[in-house]
């Protein structure tokens, strides 16, 4: 079937929302002759405007296509209206570069960013006409997953041939070359032989063959991998419609709830002089009017002052705004933020996470109320009038006093002289490979009780709360085992799709899927013993389990652990076990 002809002549594009999601031909797409090449389809299991905002997929697209014998293309999950039209007309999932059906590729790589996209993964496979269960595949494309959800791949292991765990840049290119050199095995249905080869790569987890621990792949120096200065630019507005530069990878602050901080250790900073040159090329190649520095904690980048001082004059000339993620709670953070926002002040975002000092010590969020209020006063002095505060409820050892502390902290911030205060509250979900992987997760009923206390915020500010049902399902999927796959599949057949979108999520649908699949959610959200085996124990991020246990015990005692960039080594195990180290532009005194 000529998919492109169908798109332009059938009239389908005039009947669906946001038709530019499906037409391809964007600025800076890679064009190659697909013949005699390994064909790699990079898939994001969500709508186009979400996937096009994801930096990881863009980087893999760049690095894979630098090999002349590999052709990497892109696809995203069509929205429900387009999906229905495609099924009605027997049109399979296709690539945006050449409109080739997904099932004709050799590798189908899926990015796994959040657990509530797991039913979207099944939808991708279903629409691609690729067998949903790995055991049913013979000559079909290799289905490979990567991203932070691989910290515990077990709930979706039966849908995948393999997973790339850790930094994907080098390992993805290696696996692509191995498949390219052994395509005859795939074509002849000798899938197991090919997977045996891939299993030997660092960071490669093959669920059907696994017989031991899998250690994540890690890049010791991200300067070996240049920024993508010519990314694909969409025709339509996307969620993060801006140029993005990763200034560093990893975070050692050690927040005990944060999976990303554990997943991406150690800290590796990019050379600021190289960043400056790449930014100029990036803006020239894209025409973006906004630039963002990306990392888990951008204000901790040790050359942030030099970088911003050097780039702001250039950006000013080009009328390009510079944006930062949440601002560090100290005067330095405000100083930098003020300098960046000298042209256009919008709002500031701080993340205290907990309402009392006691609970901030439990979660190892090493900021005090005094730090926060000093930052608020400094922000007001520099002209800010709007502030957003992020908190969590349901954290280990939490009491009603801690919930009231959120209200009082927000009230104090408002009284300091702010025009608007917005308080965003999420529900704590224990994540694998964090000290809190052993903790109990509160159920929706308990979450709603805590939220009632927070309603007092509405008297002086805005309150945003996360859906307790969504958090509960996320908790089951986060700490699930292979038995959970049946429930994920059943939820999909019941209609679960795009569940990260609030209006699409149905808690009752998931409860029905759990019940019909024999899954008891409370078995997965309960507190775990520190001595019991966990479904993800065979996956190593370099973080020793003994370290996580000690951190959990310290949390329950209210003891903190300093950032190893500025203090003594915390003995997490990453550096000696993975033979890497923090790589900083400069050493700062704290």
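In our numbering, the protein residues as written are 542 to 1131.
Here a beta-carbon is modelled for each residue, glycine too, at the ideal position from N, C-alpha and C.
Residue span of the beta strand (DSSP E) that contains residue i, given as start and end
i           : result
residue 895 : Run containing residue 895: none; DSSP gives neither H nor E here.
residue 581 : 579 to 585
residue 650 : 648 to 652
residue 614 : 611 to 617
residue 774 : Residue 774 -> no beta strand (DSSP E), and no H or E assigned at all.
residue 787 : 784 to 787
Distance CB(residue i)-CB(residue j) smaller than 9 Å
i            : j            : result
residue 732  : residue 678  : yes
residue 705  : residue 712  : yes
residue 1023 : residue 695  : yes
residue 615  : residue 646  : no
residue 894  : residue 904  : yes
residue 973  : residue 1012 : no
residue 970  : residue 992  : no
residue 739  : residue 716  : yes
residue 736  : residue 683  : yes
residue 1059 : residue 983  : no
residue 842  : residue 818  : no
residue 651  : residue 686  : yes
residue 744  : residue 754  : no
residue 968  : residue 896  : no
residue 579  : residue 783  : no
residue 661  : residue 596  : no
residue 815  : residue 751  : no
Cα-Cα separation between residue i and residue j, rounded to whole angstroms
i            : j            : result
residue 951  : residue 964  : 7 Å
residue 786  : residue 730  : 41 Å
residue 1131 : residue 913  : Summary for residue 1131: the model assigns pLDDT 48, below 50, so the residue's position carries little reliability; its value from the coordinates is reported in the next sentence. For residue 1131 and residue 913, the distance between alpha carbons rounds to 18 Å.
residue 606  : residue 669  : 22 Å
residue 799  : residue 570  : 35 Å
residue 560  : residue 671  : 25 Å
residue 1127 : residue 844  : 7 Å
residue 535  : residue 876  : It is not possible to answer for residue 535, since the shown part of the chain is limited to 542 through 1131.
residue 642  : residue 726  : 21 Å
residue 960  : residue 925  : 9 Å
residue 781  : residue 1072 : 42 Å
residue 990  : residue 1046 : 21 Å
residue 1097 : residue 604  : 44 Å
residue 940  : residue 946  : 10 Å
residue 1038 : residue 749  : 27 Å
residue 1090 : residue 975  : 9 Å
residue 1103 : residue 767  : 31 Å
Residue i - DSSP class collapsed to helix/strand/coil
i            : result
residue 684  : strand
residue 936  : coil
residue 982  : coil
residue 1070 : coil
residue 718  : helix
residue 738  : helix
residue 640  : coil
residue 966  : strand
residue 557  : coil
residue 889  : strand
residue 901  : helix
residue 626  : helix
residue 1131 : Caution applies to residue 1131, whose pLDDT of 48 falls short of 50 and renders its modelled position unreliable; the value that the coordinates give is listed next. In the structure shown, residue 1131 sits in coil (DSSP, three-state: anything other than H, G, I, E or B).
residue 1081 : strand
residue 604  : helix
residue 808  : coil
residue 700  : helix
residue 588  : coil
residue 576  : coil
residue 563  : coil
residue 756  : strand
residue 731  : coil
residue 814  : helix
residue 1065 : helix
Extent of the continuous alpha helix (DSSP H) to which residue i belongs
i            : result
residue 957  : Segment: none, residue 957 is in no alpha helix (DSSP H) and carries neither H nor E.
residue 659  : 659 to 669
residue 1091 : 1086 to 1098
residue 1115 : 1115 to 1119
residue 804  : 800 to 804
residue 910  : 910 to 922
residue 549  : 544 to 550
residue 724  : 724 to 728
Neighbour flag for residue i against chain D, beta carbons, 9 Å
i           : result
residue 698 : Included in the structure is just one protein chain, with no chain D present.
Jot down the residue ranges of each uninterrupted beta strand (DSSP E) in the region 819 to 870, minimum 3 residues, whole runs only, in chain order. Counting only runs that start and end inside the region 819 to 870, the beta strand (DSSP E) elements of at least 3 residues fall at 831 to 835 and 862 to 864.
Whole alpha helix (DSSP H) elements within the region 977 to 1054, 4-residue minimum: 985 to 995, 1009 to 1019 and 1025 to 1034
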